[in-house]
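Participant: For the sequence shown, this note's numbering assigns the number 47 to the initial residue and increments by one for each residue that follows.
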Amino acid sequence: MADTNRAVEKLQGKFEASILEVTQDRGDWIVTVKKEDIVAVLTFLKQECKFDMLTDVTAIDYLGKAADRFMMVYQLTSVSFKDRLRVKAPVSEANCVIGSATQVYGSAGWLEREVFDLFGIRFDKHPDLRRILMTPDWEGHPLRKDYPLQGPGREPYKGRLS
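1. Rounded to whole angstroms, how far is the Cβ of phenylalanine 97 from the Cβ of alanine 53, which I believe are closer than 8 angstroms?
2. Can you tell which of Glu67, Thr104, Thr69, Tyr151 has the C-alpha that lies nearest to the C-alpha of glycine 166?
3. With a Cβ-Cβ cutoff of 8 angstroms, do alanine 135 and isoleucine 65 count as a contact?
4. Sort out for me which residues DSSP pairs tryptophan 75 with in a bridge.
5. Can you tell me where the beta strand (DSSP E) with threonine 123 in it begins and where it stops?
6. Taking the Cβ atom as the reference point for each residue, do aspartate 170 and isoleucine 144 lie within a distance shorter than 8 angstroms?
7. Could you tell me which residues DSSP pairs with glycine 145 in its beta bridges?
8. Under 6 angstroms Cβ to Cβ from lysine 80, same chain only, skipping five residues before and after it: list those, please.
9. Expressed to the nearest angstrom, what Euclidean distance is found between the alpha-carbon atoms of lysine 191 and serine 146?
10. To the nearest angstrom, report how far apart tryptophan 75 and leucine 100 are at their CA atoms.
11. Looking only at its own chain, which residues have a Cβ that is under 8 angstroms from the Cβ of valine 137, when we skip the five neighbours before and after it?
Here it is as structure tokens:
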């Protein structure tokens, strides 16, 4: 494992007040930033650090374990530098909105719709924020930890009846 990373060093120089934590896990660098600065951080990483590919966008539900219930996770890849970087941003349940990465990476569109559909996190300035996996009239968000396992209004599974 390297002690430093070119992109992390540049981020720390430019966004020192925005960075909440820098860690390393299994050789990958992870930078946690304030949600208010996520679009600016992603723009900087794409333009200045050549992270040209957004590989994945997802969320984690820390129900009852953290002050901010959700953690947005962006997995970036720099093809030219053969480098990966994970950027995270905490999102509270009370203000469950974060800026849309579609302004920086066009591929974020469907990934953010999936996060909205399954976790209920809204994306500010998303061009087409609507459900993508569940039907439009579906109640709730199935990947939230407080979502009923059988789905809304369903009897618990009792096993095979025959």
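The beta carbon of each residue, even a glycine, is placed where N, CA and C say it ideally should be.
Facilitator: Reading it off the structure:
1. Translated into the one-based positions of the sequence shown, residue 97 becomes position 51. Translated into the one-based positions of the sequence shown, residue 53 becomes position 7. So it is a contact: roughly 7 angstroms between Cβ atoms.
2. The residue labelled residue 166 in the question sits at position 120 within the sequence shown. Nearest to glycine 166 by C-alpha distance, out of Glu67, Thr104, Thr69, Tyr151, is Thr104.
3. Residue mapping note: residue 135 aligns to position 89 of the sequence shown, counting from 1. Residue mapping note: residue 65 aligns to position 19 of the sequence shown, counting from 1. The criterion of a C-beta distance shorter than 8 angstroms is not satisfied by alanine 135 and isoleucine 65.
4. Position 29 of the sequence shown holds residue 75. Bridge partners of tryptophan 75 according to DSSP: Gln70, Leu131.
5. Counting from 1 along the sequence shown, the entry for residue 123 is found at position 77. Threonine 123 -> beta strand (DSSP E) spans 116-124.
6. Your numbering for residue 170 matches position 124 in the sequence shown. Your numbering for residue 144 matches position 98 in the sequence shown. The answer is yes: Cβ separation under 8 angstroms.
7. Translated into the one-based positions of the sequence shown, residue 145 becomes position 99. Glycine 145 is bridged to Asp170.
8. Stepping through the sequence shown from its first residue, residue 80 is reached at position 34. So the qualifying residues of the chain are Ser64.
9. Against the sequence shown, residue 191 aligns to sequence position 145. Against the sequence shown, residue 146 aligns to sequence position 100. Roughly 23 angstroms separates the two Cα atoms.
10. Position 29 of the sequence shown, counting from 1, holds the residue named residue 75. Position 54 of the sequence shown, counting from 1, holds the residue named residue 100. Looking at the two C-alpha atoms, the distance is approximately 15 angstroms.
11. If you number the sequence shown from 1, residue 137 lands on position 91. Excluding residues up to 5 positions away in sequence, Lys81, Ala105, Asp114, Arg115, Phe116, Met117, Met118, Val143, Ile144, Ile167 lie with their Cβ nearer than 8 angstroms to the Cβ of valine 137 in the same chain.
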